[in-house]
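Structure, as structure tokens:
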Amino acid sequence: MISIDKALLRQLLLIERPWEVREYRFDPRKRRCDVWVAPEVERGWFGRERKPALPTQTCSWRHLSIGPIQCHLHVALPPGQDQPGLEWLGEPGMPFTRGLSQRVFAMFNQGVSLQSVCTLMDLSLQDVWRYRYALDSGKPSGAAPAPVAAPPVVPRAPWVDEPGHPNVPDLTDPVWLRLLNADLGLDIKVLSLKLMLTRVRSQLELINDDEVRLLKLRELHRYFVKNERVLTHELAQLRQG
Amino acid sequence: MTIPPSSSAVPVGSGILMTLEQATQAIRSGACLCLAADEALLRQLPRGNWIAGSIPYFMGQDGGETTREKLFVSELPALDATPTLRWYGEHNLERIALDAPAHGLSVLIIPAFSGVHSLYARQAPSYEDMYLKPLVGWIAGVHLDDLGRTAPVVANGQTLEFRSDQALALHLPLPERVYPRIDIVNLFQPGSGDTIRFPSTGFSAREAYVNGQLRDFAQYLGERAIDTRLPLVADYSGALVNVSFKGVDAAHGQVDFYAPVFDDVEYRLAQPVPDAARAFGQGLPADARAAGWSCNCILNYLHANLQGQRTGPLTGPMTFGEIAYQLLNQTLVYVSLESV
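In order, the protein sequences belong to chains A and B. Sequential numbering of the first sequence, starting at 36, is according to this note's numbering. Sequential numbering of the second sequence, starting at 244, is according to this note's numbering.
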């Protein structure tokens, strides 16, 4: 049986006091490590607990892997205690810790498809889809704040050629926001665009996170790129702005 | 320009009613087929490239018909590609559009009253790649006399598996020069009356915001003597989408629907349609007349008395729900192939 030092595990997971690793279960065959984390118990002389432990509620999240080993954290959280900033914790109801959420979100932001995220990060489609669904419903992305101020957006010429898609406005073109905000009245003939636009608009009403809003804009742009050949009527109107 | 099907197994158009013998011959020709019929007939079919769902209501070549003795057969445009058939349960339904080919058409049949039916209705709009890839289908049902006694089924012709708790999709790759255009014909227009919103998404509602005021919805419908054969209608950026009433229980204050109402959508009650059969025939856009696949709703069949009547050139099963990407009610869905 393989034994791991709990203190080492705590360091690998960047868990700091007053939290401690209570237990772990490592299954090399399944390439999975489950780790139970809880607040440190104050102990007196002779190792007895100094005061009774607070009631807790256990939340589980998938965390960043350690090499090829999937890491699942089960954290005993005292109720009502929010621990912002701890990357090894997650938001209630989300499948991933903040640390893993940031990584997944960064991939979405780079245009990586959901399926590729699953493959590259060794994540289940169900969990990634749950995360994505939560974003679409207005939950925060968990993305880390930018370390420096983002450079100002320089307006580009609207019809900067997309390689292979010259008729689709660049993602930075303000026409997309106008379309999403219904400031641009578009005569739409394609059913899928009508349905998709409605869905994205209603999702944006719930989403306050700018990064997630950008993600939705990318989705709409991707739709136009994929269906460029059948959207000539709609793209002509976008061109006229 | 529309593209004809690849074989002569089934006449050009959105399909026809056939005998078991004719359907068997069509299957043995190797054609890629979408079938609808009573379960007992489907279980007599040989293996082949086909997907099927149970239903005994049809718009056939001779008009609306209720029959357990015939099968409705439409040919899908295989165009030298082999379709992939895949089952979806509640554990993997979100994969449906991801699994669809990058260029192609997917036909999805879901058994009514199943967990996957409910899940798809509520969540399909949020599935990855939804709306990016053409997806149509319908909800399999049963004869209304058999409600509660027989479960709707979906069948995989490649394996002859029948299931009542899972959905089945036929994913068909198509050449990039071909685009399957999906569209709908919805006879129902929103009325000029009250706006209605719901506090939560679901297949039933106790309350609704009527012109912004929270009301007991069953009571509201009763007070206004609303004809619940007419659906709620919402405007999705120009596409009119219905939610049909299933039942109103005034005693318990609950209204049930055949599709979920969504909490972020505004609805109005539909205006009446005086002559639905004629309206379907006259309301068809030009590209619909050359459609290669179509389905319509059993509620239209019943409420508009379509038995024996034609709805223009389009034929197809009259189903327990229609799919044009997401679940629809009381709507005609059709697919026509275009060259791009």
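For every residue, glycine included, the Cβ atom is placed at its ideal position computed from N, Cα and C. No experiment lies behind these values; they were computed from the predicted model shown.
Next on the checklist: So I298/B and A410/B are supposed to be a Cβ contact under 8 Å. How far apart are they, rounded?
Outcome noted: Going by Cβ atoms, the distance from I298/B to A410/B rounds to 15 Å, so no, they are not a contact pair.
Checklist entry - Exposed or buried, H360/B, counting other C-beta atoms within 10 Å across all chains shown (16 or more means buried)? => result Buried: at least 16 other Cβ atoms inside 10 Å.
Next on the checklist: Our contact map puts L215/A next to L266/A with C-beta atoms below 8 Å; I'd like the distance itself, whole angstroms only.
Outcome noted: Rounded, the Cβ-Cβ distance is 16 Å, inconsistent with contact.
Next on the checklist: Which residue marks the beginning of the beta strand (DSSP E) containing R295/A, and which one marks its end?
Outcome noted: Outside the displayed range of chain A (36 to 276) lies residue 295/A, so it cannot be described from this structure.
Checklist entry - When DSSP labels each residue in this structure, what does Y510/B get in the three-state scheme? => result DSSP, reduced to helix, strand and coil, places Y510/B within a strand of the structure shown.
Checklist entry - Considering only C-alpha positions, which residue in the set P368/B, S369/B, N399/B, L314/B is nearest to Y331/B? => result With distances taken between Cα atoms, Y331/B lies closest to N399/B.
Next on the checklist: Below 8 Å on the Cβ atoms is my contact criterion, and I expect N572/B with S487/B to pass it. Report the Cβ-Cβ distance as a whole number of Å.
Outcome noted: Between N572/B and S487/B the beta-carbon gap is near 4 Å, inside 8 Å, which marks them as a contact.
Checklist entry - Which residues bound the beta strand (DSSP E) around K65/A? => result Secondary structure note for K65/A: it is in no beta strand (DSSP E), with a DSSP letter that is neither H nor E.
Item to check | C-beta atoms of P560/B and F356/B nearer than 9 Å | outcome: Not in contact: P560/B and F356/B (Cβ atoms no closer than 9 Å).
Checklist entry - Going by beta carbon distance, what residues of the same chain come within less than 8 Å of P90/A, once the five residues before and after it are set aside? => result Counting only Cβ-Cβ distances below 8 Å, and skipping sequence neighbours, we find P113, P114.
Item to check | Reduced DSSP secondary structure (H/G/I, E/B, other) of T554/B | outcome: DSSP places T554/B in strand when its eight states are reduced to three.
Next on the checklist: Tell me the residue span of the alpha helix (DSSP H) that contains G524/B.
Outcome noted: Start and end: 519-525.
Item to check | Residues that M142/A bridges to, as DSSP identifies them | outcome: Beta-bridge partners assigned by DSSP to M142/A: none are found.
Next on the checklist: Please confirm whether Q514/B has its beta-carbon closer than 9 Å to some beta-carbon of chain A.
Outcome noted: So, not an interface residue.
Next on the checklist: Which complete beta strand (DSSP E) runs does the stretch 382-452 of chain B hold, if anything under 3 residues is left out?
Outcome noted: Fully enclosed beta strand (DSSP E) runs of 3 or longer: 397-399, 404-406, 410-416, 421-428, 445-448.
Checklist entry - What is the C-beta distance between Y258/A and L375/B, in whole angstroms, given that I count them as a contact (C-beta under 8 Å)? => result Indeed, because the Cβ distance is near 6 Å, the residues count as touching under 8 Å.
Checklist entry - My guess is that H109/A and T93/A are in contact by the Cβ rule of under 8 Å, so how many angstroms apart are they, rounded? => result Going by Cβ atoms, the distance from H109/A to T93/A rounds to 6 Å, so yes, they are a contact pair.
Checklist entry - Which one of E75/A, S38/A, P53/A, E55/A has the shortest CA to CA distance from C68/A? => result For the options E75/A, S38/A, P53/A, E55/A, the alpha carbon positioned closest to that of C68/A is the one of S38/A.
Checklist entry - Are the C-beta atoms of E197/A and some chain B residue less than 9 Å apart? => result Here E197/A scores only 46 on pLDDT, less than 50, and its place in the model should not be relied on; the value that follows carries that caveat. No, because no Cβ of chain B sits closer than 9 Å to the Cβ of E197/A.
Checklist entry - With 16 other CB atoms within 10 Å as the buried threshold, where does P528/B fall? => result So P528/B ends up on the exposed side.
Item to check | Straight-line gap, D323/B to L348/B (C-alpha atoms, nearest Å) | outcome: Distance between the alpha carbons of D323/B and L348/B: 14 Å.
Checklist entry - Closer than 7 Å, Cβ to any Cβ of chain A: which residues of the stretch 366-378 of chain B, in chain order? => result Listed in sequence order: P368, S369, E371, Y374, L375.
Checklist entry - Under 9 Å between C-beta atoms, does V508/B make it to chain A? => result Yes, V508/B lies at the interface with chain A (some Cβ there is under 9 Å from its Cβ).
Checklist entry - Quick one: is T154/A near chain B, going by C-beta distance under 9 Å? => result Judged by the 9 Å Cβ criterion, T154/A is not in contact with chain B.
Item to check | Cβ neighbours of V396/B in the same chain (closer than 8 Å, five flanking residues each side left out) | outcome: Cβ within range, chain order: E282, L285, G296, S297, P354, A383, F405, R406, S407.
Checklist entry - Interface residues of chain B around E269/A at Cβ under 7 Å? => result Neighbours of E269/A in chain B, taken as residues at a C-beta separation under 7 Å, are lacking, since the least C-beta distance is about 11 Å.
Checklist entry - Is the CB of Y166/A under 9 Å away from at least one CB in chain B? => result Residue-level contact by beta carbon fails for Y166/A and chain B, as no gap is shorter than 9 Å.
Next on the checklist: Can you check which of these residues, D372/B, G256/B, A343/B, is closest to V147/A by C-alpha distance?
Outcome noted: Per the Cα distances, D372/B.
Item to check | Opposing strand residues paired with L569/B [DSSP bridges] | outcome: Inspection of the sequence shows that residue 569/B is occupied by Gln rather than by Leu. Per DSSP, the beta bridge partners of Q569/B are A567/B.
Item to check | Given 8 Å, three or more beta-carbon pairs between the stretch 334-352 of chain B and the stretch 540-559 of chain B | outcome: At 8 Å Cβ cutoff, the stretches do not touch.
Item to check | Short-range partners of chain A found in the stretch 378-392 of chain B, where Cβ spacing is below 8 Å | outcome: Listed by position, the residues of the stretch 378-392 of chain B near chain A (Cβ gap below 8 Å) amount to none.
Checklist entry - What separation, rounded to the nearest whole angstrom, lies between the Cα atoms of L160/A and G358/B? => result In this structure, the alpha-carbon of L160/A lies about 20 Å from that of G358/B.
Checklist entry - Does the distance from the C-beta atom of G307/B to that of L549/B stay below 9 Å? => result Going by beta carbons, G307/B and L549/B fall inside the 9 Å limit.
Checklist entry - Any idea what DSSP makes of I242/A, helix, strand or coil? => result Coil.
Item to check | Pairwise C-alpha distance: E337/B and P209/A | outcome: In a straight line, the C-alpha of P209/A is about 32 Å away from that of E337/B.
Item to check | Where N548/B sits in the DSSP three-state scheme | outcome: Here N548/B sits in coil by DSSP.
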